[in-house]
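K.L.:
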Amino acid sequence: MKLYEYMAKEILQNNGIPVPRGAVFTGVEGVEAFIEKTGPVAIKSQVLSGGRGKAGGIKFATEPQDAISKVQALLVTEIKGCQVERVLIEEKVSIEREIYLAITIDGAKRKPVLLASIAGGMDIEQVPEEQMIKRFIDITIGLQPYATREVTRQMGLKGREAQQIGDIMLKLYQVFRKYDAELVEINPLVVTSTQVLAADAKMTLDDDAVFRYLPEVPWVEEKTAVEKKAADLGISYVELDGDIGVMANGAGITMATLDLLQHFGSSARNFMDAGGGSSLQATAAALEILLSTKPKALLINIFGGITRCDEVASAFVQVKNTLDLKIPVVIRLIGTNEDLGTAILKEQGIESFKNIEEAVTKVISLQNGGGANVHNYQ
Ligand code: GDP
Ligand code: MN
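Going from the sequence shown to my numbering is simple: count from 1 and add 259.
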């Protein structure tokens, strides 16, 4: 479960990591009074995705009126598809340097790892991996001061600053363990002329451990409105930020489909594991959900085991006639009754593929507006 920045910061602060003075607002009431106390502020939209700065979700203001209009504007904005419902207003800190610190789990090594870089800030993704300092942590020993001293030395930090940042690393590890976190991240950890503070914070808790921390840690609903609707219908559905809507029947085939899209240079807008069902209602609901997030094209990948390809094909044909499909759809159909299924689609002028690689390259070419030898609903 991901926590909002303001929740993560409260946890950091309660565990001895300094954060800027701030307050959460759901409207403009109290904003003026707050700014009169603090002076210039950073106004930060609270959404669960990162990269808010680049997406326009972080604003600065000095005058109360300016702050109020920025708060109003942010509260009706979507950042990366998420409606902003709250903003965190903080005193603006003057940054001398931005540092990156995180602790997460390295699945392959089966250990927590401390990640640190002196090139923190919004371009952290561009820092080459070899420049990111990694220190694996043996959980039977924990993160020890000698280890953090080594890390701060590798970062080129000295004196009081090295001490303060090393101390924050130790506290960050305590937080990581105390809350069964999968990730705690401070980016940037800012160095000002007088202090070191966490200007941004992210925390992800292990879903299976969250119950231990409720209600001290508030429950965070991570599903989007569409994901909630899908869950209510018993459909496993996940939204991503690529271009192609994906429906497949089974977890393995769904993951393989996503990998192939990536391999051939595209990515999924969303994906749905349609499971073993092929009923008309389920197919209609599934397609409607997939289309609601406006993918550029749709890829349906069905392996008929228990599911029969002819049933899937008939359901698709019927649903297609009731839905206003404006995007290209590519279907790959293989398994039980595949010839029947292929024939049903063909009758409607819909070509289907048996080979998944062909289907994937086809859908990618259609997404890019190319290729016309497959049925195109535009
Ligand atoms: P993110 O883009 O979602 O990671 O949001 P951040 O909270 O990290 O903010 C993005 C960037 O805005 C940071 O890297 C800082 O450069 C800048 N920023 C955030 N808060 C402050 C602040 O209080 N003062 C100043 N000067 N810059 C800030
Ligand atoms: Mn950040």
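We treat Cβ as the ideally placed atom computed from N, Cα and C, and that holds for glycine.
A quick note: this is a predicted structure, and the numbers were derived from the prediction, not measured.
For Phe-293, collect the residues of the same chain with a Cβ closer than 7 Å to its Cβ; drop the 5 residues on either side in sequence, then sort them by chain order.
P.N.:
Numbered from 1 along the sequence shown, position 34 holds the residue referred to as residue 293. Taken in chain order, the residues that qualify are Ala-282 and Ile-348.
K.L.:
Indicate whether the contact test is met: 3 or more Cβ pairs, each with one atom in the region 290–306 and one in the region 334–351, closer than 8 Å.
P.N.:
Short answer: they touch.
K.L.:
Is it the case that the CB of Arg-280 approaches a heavy atom of the ligand GDP more closely than 6 Å?
P.N.:
Here residue 280 refers to the residue found at position 21 when the sequence shown is read from its first residue. Because no heavy atom of the ligand GDP lies under 6 Å away, the Cβ of Arg-280 does not count as near it: no.
K.L.:
Bridge partners of Asp-365, per DSSP?
P.N.:
Residue mapping note: residue 365 aligns to position 106 of the sequence shown, counting from 1. In DSSP, Asp-365 forms a bridge with Lys-370.
K.L.:
Going residue by residue through the region 293–351, where are the continuous beta strand (DSSP E) segments of at least 3 residues, counting only ones entirely within it?
P.N.:
Counting whole runs of 3 or more residues, the region 293–351 contains the beta strand (DSSP E) stretches 300–304, 317–320 and 346–350.
K.L.:
Under a three-way DSSP split, which group does Ala-397 fall into?
P.N.:
In the sequence shown, counting from the first residue as 1, residue 397 sits at position 138. It is Asp, not Ala, that sits at residue 397 in the sequence shown. The answer is coil: DSSP assigns Asp-397 none of H, G, I, E or B.
K.L.:
Let me check understanding here. Comparing Cα to Cα, which of Val-410, Leu-442, Val-449 and Val-589 lies closest to Gly-366?
P.N.:
Reading the sequence shown from its first residue, position 107 is the one you call residue 366. Here the closest residue by C-alpha is Leu-442.
K.L.:
To the nearest angstrom, report how far apart Lys-487 and Val-372 are at their CA atoms.
P.N.:
Residue numbering aside, residue 487 sits at position 228 when the sequence shown is read from its first letter. Residue numbering aside, residue 372 sits at position 113 when the sequence shown is read from its first letter. Going by the C-alpha atoms only, they are around 33 Å apart.
K.L.:
Classify Pro-404 as helix, strand or coil using the three-state DSSP reduction.
P.N.:
Position 145 of the sequence shown, counted from the start, is the residue given in the question as residue 404. It is helical.
K.L.:
Taking the alpha-carbon of Asn-529 as reference, which of Met-514, Gly-380 and Thr-542 has the nearest alpha-carbon?
P.N.:
Your numbering for residue 529 matches position 270 in the sequence shown. That would be Met-514, whose Cα lies nearest to the Cα of Asn-529.
K.L.:
Do you know offhand how far Ile-354's Cα is from Leu-448's?
P.N.:
Here residue 354 refers to the residue found at position 95 when the sequence shown is read from its first residue. Here residue 448 refers to the residue found at position 189 when the sequence shown is read from its first residue. Taking the straight line from one Cα to the other gives about 10 Å.
K.L.:
Helix, strand or coil for Ala-458, going by three-state DSSP, please let me know.
P.N.:
Residue 458 sits at position 199 when you count from the first residue of the sequence shown. Coil, per DSSP.
K.L.:
Do Val-619 and Phe-523 have their beta-carbon atoms positioned less than 7 Å apart in this structure?
P.N.:
Translated into the one-based positions of the sequence shown, residue 523 becomes position 264. Translated into the one-based positions of the sequence shown, residue 619 becomes position 360. In contact: Phe-523 and Val-619 (Cβ atoms closer than 7 Å).
K.L.:
Where does Lys-370 land, buried or exposed, given buried means 16+ other C-beta within 10 angstroms?
P.N.:
Reading the sequence shown from its first residue, position 111 is the one you call residue 370. So Lys-370 ends up on the exposed side.
K.L.:
Please classify Asp-569 as buried or exposed, where buried requires at least 16 neighbouring CB atoms within 10 angstroms.
P.N.:
Residue mapping note: residue 569 aligns to position 310 of the sequence shown, counting from 1. When all chains shown are included, Asp-569 counts as buried.
K.L.:
Comparing the CB of Asn-614 with every heavy atom of the ligand HEM, is any distance shorter than 6 Å?
P.N.:
With respect to the ligand HEM, the structure offers nothing, as its ligand set consists of the ligand GDP and the ligand MN.
K.L.:
Excluding the 5 residues preceding and the 5 following Ile-398 in the sequence, name in chain order all residues of the same chain whose CB lies nearer than 6 Å to its CB.
P.N.:
For the purposes of this step, residue 398 is identified with residue 139 of the sequence shown, where counting begins at 1. Same-chain partners within the cutoff: there are none.
K.L.:
What do you reckon, is the C-beta of Asp-218 under 6 Å from a heavy atom of the ligand MN?
P.N.:
Residue 218 is absent from the model: the chain starts at 260 and stops at 637.
K.L.:
Fully enclosed by the region 417–455, which alpha helix (DSSP H) runs are 4 residues long or longer?
P.N.:
Correct list: 418–437.
K.L.:
I'd like to know whether the C-beta atoms of Ile-362 and Phe-435 end up nearer to each other than 7 Å.
P.N.:
Start at 1 with the first residue of the sequence shown, and residue 362 comes out as number 103. Start at 1 with the first residue of the sequence shown, and residue 435 comes out as number 176. Yes, they are a contact pair.
K.L.:
Any Cβ of chain D within less than 7 Å of the Cβ of Thr-601?
P.N.:
Chain labels in this structure do not include chain D; a single protein chain is all it has.
K.L.:
CA-CA distance, Arg-412 and Val-479?
P.N.:
Numbered from its first residue, the sequence shown carries residue 412 at position 153. Numbered from its first residue, the sequence shown carries residue 479 at position 220. In a straight line, the C-alpha of Arg-412 is about 38 Å away from that of Val-479.
K.L.:
Counting beta carbon pairs with one atom in the region 500–516 and one in the region 463–483, are three or more of them shorter than 8 Å?
P.N.:
Result no; under three Cβ-Cβ pairs closer than 8 Å.
K.L.:
If we call anything under 7 Å between Cβ atoms a contact, is Leu-402 one with Tyr-432?
P.N.:
Taking the first residue of the sequence shown as 1, we reach residue 402 at position 143. Taking the first residue of the sequence shown as 1, we reach residue 432 at position 173. Yes.
K.L.:
Across which residues does DSSP place Lys-261 in a beta bridge pair?
P.N.:
On the sequence shown, position 2 is the one that residue 261 refers to. For Lys-261, which the question treats as bridged, DSSP gives the partners Thr-463.
K.L.:
Distance check for Val-352 and Ala-406, CA to CA, integer angstroms please.
P.N.:
Position 147 of the sequence shown holds residue 406. Position 93 of the sequence shown holds residue 352. If you take the alpha carbons of Ala-406 and Val-352, they lie about 29 Å apart.
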